[in-house]
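Encoded as structure tokens, the structure appears first; notes follow it.
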Amino acid sequence: MGCFGSKVETEDRFICTNNPEHNTKYPDNTVVNSKYTVFTFLPKILWAHLRRFMNMYFFIIAILQLWSAVTPVNPITTWAPIVIIFAVAFVREGYDDIQQHKHDKVTNERLYNIIRSEREKTIQSQYILPGDILILNRNMEAPCDICLLYSSNADGKCCVETANLDGETNLKEKITVKQTQEMGPEGLRTSKIYIRCAAPNADLNSFDSSLFVNNPDGECIPINSEQFIQQGVFLRNVDKIYGLVCYTGKQTKLGLNAQAPPIKWTEIEKILNKVSLGIFVAQLILALITGSIGNSWKKHHKESEPYLCLKEDHPIGEKFDWIVLYIRCYLLTSIMIPVSLKVTIDICKYVYAMFIRNDKKMVYINKNDHTIQQCLVNNTSVIEDLGAIQYVFTDKTGTLTENEMKLTKIAIGSRYYGHNGQSEDILEDTTLTEAIQSQDHEVLSAICNLALCHTIKIIDTANGIVFEGVSPEEISFHEALQKIGIIVRQNKDETTISSEKLNFEPFKFRTLEVLPFSFTRRRMSVIVENTVTNTKVLFMKGAHENVVEHTGGSYSGFDSQVDTFSSLGLRVMALSMKQLTDQEYNQYKEEILAARQNHDNRIAECEKVYDKYEQGQKLIGITGIEDSLQDGVPLTIEMLRDAGIKVWMVTGDLMNTAVKIARSTRLISNDGEIIKLSTDAAGTDSRTLLQKVSEYVDTINHPFYLVIEGSAYCTNEFLGPLQKEFAQLASRARSVVCARTMPKQKAFYVEALKSLGCVTCAVGDGGNDVTMLRSAHIGIGIIGKEGRQAAVAADFAISQFSYIQRLILIHGRYSAYRTSWLTQFCFYKSILLALIQVGYLTMNGYSGSSYMNDFNLMCYNAIFTILPVIFFMFDKDVEESTIYLHPFVYTDSRKRMFINARTVFWWIIRSIYQAIVICVIAFNAFDVEHINGLDGSAANLAESQQIVYSSLILIVVVTTTIDTQNWTSLNFIFIWGNWVIYLLAAVCANMINDFSITRKMYLVMLRTMADPLAWFTVVTITGVATIPVLFVQALFATYLPTRSQSLRFNEIIVQCEYKPVYLVDLTAKENQFVVSNLYAAPPETIWDQSHNIFAPILALFGCWK
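Following full-length UniProt numbering, the numbering of the sequence shown begins with 1 at its first residue and continues without gaps.
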């Protein structure tokens, strides 16, 4: 361990069993997920929090206020809120870390059996070392990364569940190498096994290594991910396995991937950062102005008013005395940036997340097992951006569709099955079964391809045959074969294909090699041997263009078949085959063995061998797989479009299939033309092509839809050097369909739109969508049949695509509306108090003294104005039903109408106006002629500030009352209850003389409450400060309302007349209900068109065009 962490390994590991001395250089298996220890907690957590600008700002202010020579207030007024806020954060993080320590302890103390120094022993998980042979029983969790050496299953296989690792719930098969399987447990115990593997790395599925038995210079046995079992997976379908420990502790694949997701900042937080910076600059300017005036005043009155003792006031020495006033004036206005803002926003996000999790309208009940799935919130920091989305990027399979595959059509040679005048499904097509019964060679070849070329596990159970696997397409093939009457059974590596119903002799094949699928290859192959004839055949299936590349060419009508199936919205997969001679197969084995022994570039070398032997095949035909749409998808997409959100579909399917699905989901309508950027455009320079399309778009006056093919020659340039130009063109399209898209391209499409400053949202359900989900401002994972990997990686997880209309339009808009008001309100009330302090400077010779007493300053943000802030989180400017009926109101949050330069400016103007009203009325009311109405005494500072402070609290309460749109009994109680709490707390504090913080309050509140003139002053100040604001708001709401205000007025009218929000026409045809609005949608207004500060005023008087 060095000064800055552990040493990073760069060289390959060479691990040996039964040699613990050799392996002690590697770390043990201690798991530490906690952040702190007893000794590091305070320094680490302080450093983590003080690195944030806002926290450091307040900490510096608090430090300065400890300097008694310059502070205008009691330091406790700043330190108390800071300590409370930090303490809450520290306690929460400390509690979470204690819980993590407990989890780590449980994990580290789990007992496992290992073999070390030829002895089997039981030890705690934390003491496992690389080189140990770990023994795992059924259903146990792997505590570290191991290489599988032996399985109690005779075929050397076992299954693991990797849900903890990648979110996938399907079982993955692992298999031992023959040499170690034959050694058995006793042989493993007494022998030495050597493994050369790569240094610890984060690639979950990479394990290209070499194994040696007893002699490190002997036979090199290549091993790969088929023998690799990662930490965190669970053992299934086997009684016991033995595995050699390779990576432990933080160096396991899971440990190296355990990193925090990228930090995302919402648009509102970006605006608040700018506002905070602007206010910080304004504070400096105010401090310079008032400090300069103060120093000038002091200089000119030093001789004329000797009773002020200005000559003697030199707290830091006469030479630097001028600095004091600048610092005092700055500290006096430091409350302009509210210390409670961060806590307020965090509370808001927590409450919003609670609303989303507990929303019963987004709860999914599985029809099969009746399990209940709520919406998950993985990242609360981005909730407000749900209300700012401009583009939605969505996957197709499993996101827009059910991911329930069904093989409905197949084309073999020039013949269609399941696609003719008599049948629309292969299950109904008798010509297919007749062809099978007549032993048609091409049809039987296709059947054998579907039955053999796969990676699923076929299990015989008491209830029939069950298919388990990762690929839903492969499962659909076998389900279709079973329904036709063809039975496929597995016995270790042998597969039997038979059918009593169709009366043909069983075929038996032995699987020799699997040439695996990858997103790069986009195909997979198997090499099988007929156990009767001993002939060897290579079957391949995959994307049709990739398959055709490895055949002697497509047959007549093939392209037409592909177009036909894809135009029906079916997923197309091509089938091919070729026979291998024994010589070819033996040569393949030699070459693939050599490639697997290439430790540096094993995957690439293996793929070269695969590609070589996959060449020269004969094309058999294609399959058409149906994947039905989820419920509510077309309505959801239409509603998102009405809300001003543009939707892109990014899919790996063929272009025609993608366009067909886009039409069925209403992503593409008949109101515009489709412009395709595909391989048909080859031969044209990419930049020229982009310019020509842009010029054409300039000449049309109707909507257009853009269709892009990921495999097109120009697409990589569009997503690379021409990214911005492409994004500008694509942003003009009504929607975009991206077909034949690779996983990395999905993220590039998102990045292209982000380059224009657009707020993006990505929706996906599979592991190939993870990069897209993390690239977007908002990632929404669909909890589907492809596992939970996308759901874990996303910010939010839902069970149905249709739920995003509620997640975005309702929760997103309300969150943006509430947070926008709350944050601006926090600035407003803090600026208002600070400006009153500045106003008091004009009355005290710019001395930098505080007008408010310490108790009132301390309680202002922490207690007396907190309840209105909290309960505004339940406010609604329009009802949910109105948003559904008029989705365009989402534009309010999408275009940031709730918070922008104009709204911030007018909040500041409001605070300046009200501060002036308070100062003018109060300072004139409490002049030298003022007499207390209770006992006739003269005015004093304590009573004056208490009356001003009471007015301030009442103004805050009235402001909240004016701006609240949705009144409930709870709102009313807590907003006006806030005023009652203030009165009670002030009265209690006014009776305590023992504490310095309340000493200036002693008997002040009782005297002011008993004075009728004081009450009259409070009411007068409040009225003059709030009534003009209310009048201006009413003026604009009446003569220049926003569209939301117009809809709100209609809501109130409808509610008052006891009418429903909408009408349903039950006489509509085809069982479709027609929803009729009781009031029309209002047109766009100046509020929608511009954020100009003075635009509404000019528009009100007819001066804005």
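No residue lacks a Cβ here, since even glycine has one placed at the ideal position from N, Cα and C.
- Take the alpha-carbon of Q630 and the one of I1086: they are about 39 Å apart.
- Beta-carbon to beta-carbon, V750 and S775 are separated by about 4 Å, close enough to satisfy the 8 Å threshold.
- Taking the Cα positions, I1053 is about 15 Å away from T1038.
- Less than 8 Å divides the Cβ of W821 from the Cβ of F898.
- Remark: three or more beta-carbon pairs, one from each stretch, lie closer than 8 Å, so the segment 620-640 and the segment 407-415 are flagged as touching.
- Short of 6 Å from the beta carbon of G779, and not among the five residues preceding or following it, lie these beta carbons of its own chain, in chain order: A762, L773, A794 and D795.
- Cβ contact annotation for A942 (same chain, cutoff 8 Å, sequence separation greater than five): N853, K1000, M1001 and V1004, in chain order.
- Per DSSP, reduced to three states, the secondary structure at V528 is strand.
- Residue state for P222 is assigned as strand, using DSSP reduced to three classes.
- With a cut-off of 8 Å on Cβ pairs, the segment 607-616 is not in contact with the segment 422-437, counting fewer than three such pairs.
- With distances taken between CA atoms, V377 lies nearest to M354 out of K360, M354 and T520.
- The closest CA to that of I804, considering only F825, V737, N990 and K361, is found on K361.
- The beta strand (DSSP E) runs of length 3 or more contained entirely in the segment 641-696 are, from start to end of the chain, 646-650 and 673-677.
- In the structure shown, I620 adopts extended strand secondary structure according to DSSP, grouped into three states.
- Under the Cβ criterion (8 Å, minimum of three pairs), the segment 573-582 counts as touching the segment 529-546.
- In the three-state DSSP reduction, Y982 falls in the helix class (H, G or I).
- Taking the Cα positions, R602 is about 15 Å away from F228.
- With contact defined as three or more Cβ pairs closer than 8 Å, the segment 979-994 and the segment 1043-1057 are not in contact.
- Within the segment 374-401, not a single complete alpha helix (DSSP H) segment reaches 4 residues in length.
- Per the coordinates, the alpha-carbon of P1096 lies some 13 Å from the alpha-carbon of A1034.
- Beyond the five residues adjoining it in sequence on each side, A282 comes within less than 8 Å, by CB distance, of M336 in the same chain, given in chain order.
- Of all alpha-carbon atoms in E404, Q373 and R92, the one lying nearest the alpha-carbon of Y364 is that of Q373.
- Rounded to the nearest whole angstrom, the CA to CA distance from R116 to A154 is 25 Å.
- The three-state secondary structure of G485, taken from DSSP, is coil.
- Sixteen is the threshold: since fewer than 16 other Cβ atoms of the shown chains lie within 10 Å of the Cβ of T968, the residue is exposed.
- The criterion of a C-beta distance shorter than 8 Å is not satisfied by G781 and D395.
- Within a 10 Å sphere around the beta-carbon of S950 sit 16 or more other beta-carbons, which makes this residue buried.
- Using a 10 angstroms sphere on the CB of R740, the tally of other CB atoms reaches 16 or more, which defines it as buried.
- Residue nearest to M56 within the set E219, K299 and V339 is V339 (criterion: CA-CA distance).
- Contact between the segment 858-866 and the segment 896-916 is absent: fewer than three C-beta pairs spanning the two stretches fall below 8 Å.
- G812 and E384 have their alpha carbons spaced roughly 6 Å apart.
- Taking the C-beta atoms as reference points, I76 is found no nearer than 8 Å to L400.
- Within the same chain, and ignoring the five residues on either side of S755 in sequence, the residues whose Cβ sits closer than 8 Å to its Cβ are Q723, K724 and A727.
- Shown here, T1042 sits in coil according to DSSP, grouped into three states, outside any helix or strand.
- Taking the C-beta atoms as reference points, T17 is found no nearer than 8 Å to K178.
- DSSP places E584 within a helical segment (H, G or I) once states are collapsed to three.
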